[in-house]
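There are 2 protein chains.
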Amino acid sequence: MAYQLHYWPGIQGRGEFVRLALEAAGAPYVDVARGPQAQGQGMAAMLAVLEGQDVARPPFACPFLVDGRRVIGQTAAILQYLGPRLKLVAASEADQLWTHQIQLTLADLVTEAHDVHHPIGSSLYYEDQKAEALRRAQDFRRNRIPKFLQWCEAVLERNPRNAGAEVPRLVGGRLSYADLSLFQVVDGLLYALPKATRRVLKKVPHVAALHAGVPRHKRLAAYLASERRIPFNEEGIFRSYPELDG
Amino acid sequence: MAYQLHYWPGIQGRGEFVRLALEAAGAPYVDVARGPQAQGQGMAAMLAVLEGQDVARPPFACPFLVDGRRVIGQTAAILQYLGPRLKLVAASEADQLWTHQIQLTLADLVTEAHDVHHPIGSSLYYEDQKAEALRRAQDFRRNRIPKFLQWCEAVLERNPRNAGAEVPRLVGGRLSYADLSLFQVVDGLLYALPKATRRVLKKVPHVAALHAGVPRHKRLAAYLASERRIPFNEEGIFRSYPELDG
Numbered sequence: 001m002a003y004q005l006h007y008w009p010g011i012q013g014r015g016e017f018v019r020l021a022l023e024a025a026g027a028p029y030v031d032v033a034r035g036p037q038a039q040g041q042g043m044a045a046m047l048a049v050l051e052g053q054d055v056a057r058p059p060f061a062c063p064f065l066v067d068g069r070r071v072i073g074q075t076a077a078i079l080q081y082l083g084p085r086l087k088l089v090a091a092s093e094a095d096q097l098w099t100h101q102i103q104l105t106l107a108d109l110v111t112e113a114h115d116v117h118h119p120i121g122s123s124l125y126y127e128d129q130k131a132e133a134l135r136r137a138q139d140f141r142r143n144r145i146p147k148f149l150q151w152c153e154a155v156l157e158r159n160p161r162n163a164g165a166e167v168p169r170l171v172g173g174r175l176s177y178a179d180l181s182l183f184q185v186v187d188g189l190l191y192a193l194p195k196a197t198r199r200v201l202k203k204v205p206h207v208a209a210l211h212a213g214v215p216r217h218k219r220l221a222a223y224l225a226s227e228r229r230i231p232f233n234e235e236g237i238f239r240s241y242p243e244l245d246g
Numbered sequence: 001m002a003y004q005l006h007y008w009p010g011i012q013g014r015g016e017f018v019r020l021a022l023e024a025a026g027a028p029y030v031d032v033a034r035g036p037q038a039q040g041q042g043m044a045a046m047l048a049v050l051e052g053q054d055v056a057r058p059p060f061a062c063p064f065l066v067d068g069r070r071v072i073g074q075t076a077a078i079l080q081y082l083g084p085r086l087k088l089v090a091a092s093e094a095d096q097l098w099t100h101q102i103q104l105t106l107a108d109l110v111t112e113a114h115d116v117h118h119p120i121g122s123s124l125y126y127e128d129q130k131a132e133a134l135r136r137a138q139d140f141r142r143n144r145i146p147k148f149l150q151w152c153e154a155v156l157e158r159n160p161r162n163a164g165a166e167v168p169r170l171v172g173g174r175l176s177y178a179d180l181s182l183f184q185v186v187d188g189l190l191y192a193l194p195k196a197t198r199r200v201l202k203k204v205p206h207v208a209a210l211h212a213g214v215p216r217h218k219r220l221a222a223y224l225a226s227e228r229r230i231p232f233n234e235e236g237i238f239r240s241y242p243e244l245d246g
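In order, the protein sequences belong to chains L and F. Heads up: the first sequence at position 25 corresponds to 25 in full-length UniProt numbering, and the numbers run straight through without jumps. Heads up: the second sequence at position 165 corresponds to 165 in full-length UniProt numbering, and the numbers run straight through without jumps.
Below, the structure is given as structure tokens:
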């Protein structure tokens, strides 16, 4: 049966990390909130799970995945669940835990990338917290992007399977969902803060090579060129506000 | 062999979530950075892992757990690893995933609780971002604490095993690491923002009952009364700045 992915229809957001995994694996899935209401899809179907009083184990927010009777929230938990099923994680417990740990660290970076333009609160518009955003962006550019991407660089450098590899991998020698997520984070940062991100990428060649290499994956390339890939925009996590790029 | 927990010595911080699990289970552990340097402990031992060039799979930050050859970072991942080993999670995959999902959601709340006093960046003092903190705290009090704790209340209400239970549990009928974490988050919020938190607790009786009941656990009660429990303070995640309590 097809997986059901539930996420806001107009943005990549956190749903994109799950979408990339499903697409890379060629797994059948329904992008529920983007589907037609007449077929029981659309926003109403998503909100029925998020707000339904009869959902025994309600997700706190989207994205969430429905797989038969399972309802799984939290991006990193969804990917941990899908990883072995989609063959996007190594087989050993140690490797799976390490991949998850990397994913959780990337999730922290994603939260910070969002909070750059929303340092005061998600309930307010960007325009109402722009002064604060300018300050937060400076710290994010100077301290946080380098810290996170240098850590990723160290992870890639220390993976013995990357010696001589054309496209480096975060864990072992095969593509994992963490590689897809690092591609996505770098892609988003390049959209949001191109000047700052390019400066950092010059110092983390393995990260840059991963970002360049992942979209050459056949199924991913097809996905990224398709209409299923929502373009980055100023409603999502990664927003192009040039004033924040210093 | 004893688990090694590595975390900043002067604060509860994120390390406390791991500490509570180890203490509740009566598991042998060494709180490495708080130990004597003469015995190979102290901050130097922690930094050797965080900064060592020879660590194959370096944690991004503390807390991290060392169990033999395993080095595990990210609080929620540590607890997911320890859960079955300490019998602080149910046996089924579905229950374990749900417990982890709750933990990840609590982790998001912890991040927001921290960012209330550091909305611009961790590299700056609170005093240098106090104006922004006052704004962020207002959003956190009005919108975020209620949203998170009401979700926890729904989780507790919908757990069928809580019918007639004196102390409700988040998952199934037995104490899990997520229960310990919810206790800790509520305890921290009561320290940091007592007025705002008490207002919300009146509307979430199951959460309040869990917070009141967890510390009656025998081993936890002993721990909480001991010197191993670092008091809340203004270096940690939950800080008592009365101006932020509205």
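In this text, a Cβ means the ideal position worked out from N, Cα and C, and glycines have one as well. Bear in mind that the values here come from a model prediction, so they are computed numbers and not experimental data.
Next item on the list: Measure the beta-carbon distance from F:A21 to F:L106 and round it to whole angstroms, keeping in mind my assumption that it falls under 8 Å.
Entry: For the purposes of this step, residue 21 of chain F is identified with residue 21 of the second sequence, where counting begins at 1. For the purposes of this step, residue 106 of chain F is identified with residue 106 of the second sequence, where counting begins at 1. With 8 Å as the limit, F:A21 and F:L106 do not qualify as a contact, their Cβ atoms being about 13 Å apart.
Check: What residues match up with F:F64 in a beta bridge as DSSP calls it?
Finding: What you label residue 64 of chain F is simply residue 64 of the second sequence in a count that begins at 1. According to DSSP, which records beta bridges pairwise, F:F64 is partnered with F:H6 and F:G73.
Notebook entry, point to check: At a CB-CB cut-off below 8 Å, which residues of chain F make contact with L:Y191?
Noted result: Within the first sequence, numbered from 1, the residue matching residue 191 of chain L stands at position 191. Chain F residues near L:Y191: none, gap ~22 Å exceeds 8 Å.
Notebook entry, point to check: Which residues share a DSSP beta bridge with F:D128?
Noted result: On the second sequence, position 128 is the one that residue 128 of chain F refers to. Paired residues: none, contrary to the question.
Margin query: For the ligand MN, is there any heavy atom lying closer than 6 Å to the beta carbon of L:L156?
Written below: No copy of the ligand MN appears in this structure; indeed no ligand is present at all.
Checklist line | F:S226 classed as buried or exposed, judged by whether at least 16 other C-beta atoms fall within 10 angstroms | finding: Within the second sequence, the letter at position 226 stands for residue 226 of chain F. Looking at its Cβ environment, which holds fewer than 16 other Cβ atoms inside 10 Å, F:S226 is exposed.
Note to self: What would DSSP say about L:A241, mapped onto helix, strand or coil?
What the structure shows: Residue 241 of chain L sits at position 241 when you count from the first residue of the first sequence. Just to set this straight, residue 241 of chain L is Tyr in the shown sequence, not Ala. L:Y241: coil per DSSP, three-state reduction.
Next item on the list: Closer than 7 Å by beta-carbon distance: list the chain F residues that pair up with L:F60, in chain order.
Entry: Numbered from 1 along the first sequence, position 60 holds the residue referred to as residue 60 of chain L. Within chain F, the residues near L:F60 are T105 and W151.
Check: Mind checking if L:R146 is an interface residue toward chain F, Cβ cutoff 7 Å exclusive?
Finding: The residue given as residue 146 of chain L occupies position 146 in the first sequence. Checking the sequence, you will find Pro at residue 146 of chain L rather than Arg. Answer no: the Cβ-Cβ gap between L:P146 and chain F never drops below 7 Å.
Notebook entry, point to check: Of all Cβ atoms in chain L, is any one closer than 7 Å to the Cβ of F:R158?
Noted result: As a working note, residue 158 of chain F is residue 158 in the second sequence. For F:R158, the answer is yes, since a Cβ of chain L falls inside 7 Å of its Cβ.
Item checked: Any C-beta of chain L under 7 Å from that of F:N143 -> As a working mapping, residue 143 of chain F is identified with position 143 in the second sequence. Closer than 7 Å to some Cβ of chain L, the Cβ of F:N143 qualifies, so yes.
Check: Given that L:E132 touches chain F, what residues does it touch there, using C-beta distances under 9 Å?
Finding: Position 132 of the first sequence, counted from the first residue, corresponds to residue 132 of chain L. Under the 9 Å cutoff, chain F gives P119, I120, Q129, A131, E132, R135 and R136.
Next item on the list: Quick one: residues in its chain with C-beta nearer than 7 Å to the C-beta of F:A208, no 5 flanking neighbours on either side, listed in chain order?
Entry: To locate residue 208 of chain F, count along the second sequence from 1; it is residue 208. For F:A208, where only same-chain residues beyond five positions count, the Cβ hits under 7 Å are L201.
Margin query: Check whether the stretch 129–148 of chain L and the stretch 95–112 of chain L are in contact - that is, three or more C-beta pairs closer than 8 Å.
Written below: The answer is yes - the stretch 95–112 of chain L touches the stretch 129–148 of chain L, with three or more Cβ pairs under 8 Å.
Checklist line | F:V30 - containing beta strand (DSSP E), residue span | finding: In the second sequence, counting from the first residue as 1, residue 30 of chain F sits at position 30. Taken as a continuous stretch (DSSP letters only), the beta strand (DSSP E) holding F:V30 covers Y29 to D31.
Check: L:P63: which of L:L50, L:F238 and L:F183 sits nearest, CA to CA?
Finding: As a working note, residue 63 of chain L is residue 63 in the first sequence. If we check each option's Cα against that of L:P63, L:L50 comes out closest.
Checklist line | Against chain L: residues of the stretch 5–38 of chain F by CB proximity under 7 Å | finding: none
Check: Looking only at its own chain, which residues have a Cβ that is under 7 Å from the Cβ of F:S181, when we skip the five neighbours before and after it?
Finding: The residue given as residue 181 of chain F occupies position 181 in the second sequence. Around F:S181: F17, Q103 and L106.
Next item on the list: Could you tell me the distance, in whole angstroms, from the CA atom of L:R135 to the CA atom of F:S122?
Entry: Within the first sequence, the letter at position 135 stands for residue 135 of chain L. Within the second sequence, the letter at position 122 stands for residue 122 of chain F. Cα to Cα, the separation comes out at about 12 Å.
Notebook entry, point to check: Anyone know if the C-beta pair for L:G236 and L:G13 falls short of 7 Å?
Noted result: To locate residue 236 of chain L, count along the first sequence from 1; it is residue 236. To locate residue 13 of chain L, count along the first sequence from 1; it is residue 13. Yes, they are a contact pair.
Notebook entry, point to check: At a Cβ threshold of 7 Å, is L:R199 touching chain F?
Noted result: Locating residue 199 of chain L in the first sequence gives position 199, where the first residue counts as 1. False, the Cβ-Cβ gap to chain F never drops below 7 Å.
Next item on the list: Report yes if the CB atom of F:R219 is closer than 7 Å to the CB atom of F:G26, and no otherwise.
Entry: Locating residue 219 of chain F in the second sequence gives position 219, counting from the first residue. Locating residue 26 of chain F in the second sequence gives position 26, counting from the first residue. Against a cut-off of 7 Å, the Cβ pair of F:G26 and F:R219 comes out as a contact.
Margin query: Here's a check: name, in chain order, each residue in its chain whose Cβ is nearer than 6 Å to the Cβ of L:G173, leaving out the five neighbours to either side.
Written below: Position 173 of the first sequence, counted from the start, is the residue given in the question as residue 173 of chain L. R161, listed in sequence order.
Notebook entry, point to check: Residue ranges of each alpha helix (DSSP H) run of no fewer than 4 residues wholly in the UniProt domain "GST C-terminal" (92–232) of chain F, ordered along the chain?
Noted result: Runs of the alpha helix (DSSP H) lying entirely within the UniProt domain "GST C-terminal" (92–232) of chain F, each at least 4 residues long, are 93–117, 130–139, 145–158, 177–192, 194–201, 205–213 and 218–224 in chain order.
Notebook entry, point to check: Which residue comes first and which comes last in the alpha helix (DSSP H) that contains F:E235?
Noted result: The residue labelled residue 235 of chain F in the question sits at position 235 within the second sequence. No alpha helix (DSSP H) contains F:E235, which DSSP labels as neither H nor E.
Notebook entry, point to check: Hey, is the stretch 112–121 of chain L in contact with the stretch 28–43 of chain L, meaning 3+ C-beta pairs nearer than 8 Å?
Noted result: no
Notebook entry, point to check: Listed from N- to C-terminal order along the chain, which residues in the stretch 72–85 of chain L have their beta-carbon within a distance smaller than 7 Å of any beta-carbon of chain F?
Noted result: I72, G73, Q74, A76, A77 and Y81
Next item on the list: Give a yes or no on whether the minimum CB-CB distance between F:Q184 and chain L is below 7 Å.
Entry: Your numbering for residue 184 of chain F matches position 184 in the second sequence. So no, F:Q184 is outside the interface.
Margin query: Under 7 Å, Cβ to Cβ, is there at least one residue of chain F near L:D67?
Written below: Reading the first sequence from its first residue, position 67 is the one you call residue 67 of chain L. So no, L:D67 is outside the interface.
Notebook entry, point to check: Roughly how many angstroms lie between the CA atoms of L:G213 and F:E153, to the nearest whole one?
Noted result: As a working mapping, residue 213 of chain L is identified with position 213 in the first sequence. As a working mapping, residue 153 of chain F is identified with position 153 in the second sequence. Whole-angstrom Cα-Cα distance: 45 Å.
Next item on the list: Leaving aside the five residues before and after L:H217 along the sequence, list all residues of the same chain whose C-beta is less than 8 Å from its C-beta, in chain order.
Entry: Locating residue 217 of chain L in the first sequence gives position 217, counting from the first residue. Excluding sequence neighbours, L:H217 sits near A24 and L175.
Checklist line | F:M139: contacting residues in chain L (beta-carbon distance under 9 Å) | finding: On the second sequence, residue 139 of chain F is found 139 positions in, with the first residue counted as 1. Checking the displayed sequence, the identity of residue 139 of chain F turns out to be Asp instead of Met. Simply I120, G121, S122, S123 and L124.
Check: Can you tell me whether F:G83 is buried or exposed, with buried defined as 16 or more other CB within 10 angstroms of its CB?
Finding: If you number the second sequence from 1, residue 83 of chain F lands on position 83. Buried.
Notebook entry, point to check: When the distance is taken between beta carbons, is F:L224 closer than 7 Å to F:P215?
Noted result: Position 215 of the second sequence, counted from the start, is the residue given in the question as residue 215 of chain F. Position 224 of the second sequence, counted from the start, is the residue given in the question as residue 224 of chain F. Result yes, Cβ atoms of F:P215 and F:L224 sit closer than 7 Å.
Notebook entry, point to check: Which class does L:A56 belong to by DSSP, given the choice of helix, strand or coil?
Noted result: For the purposes of this step, residue 56 of chain L is taken as residue 56 along the first sequence, with counting starting at 1. If DSSP states are grouped into helix, strand and coil, L:A56 belongs with coil.
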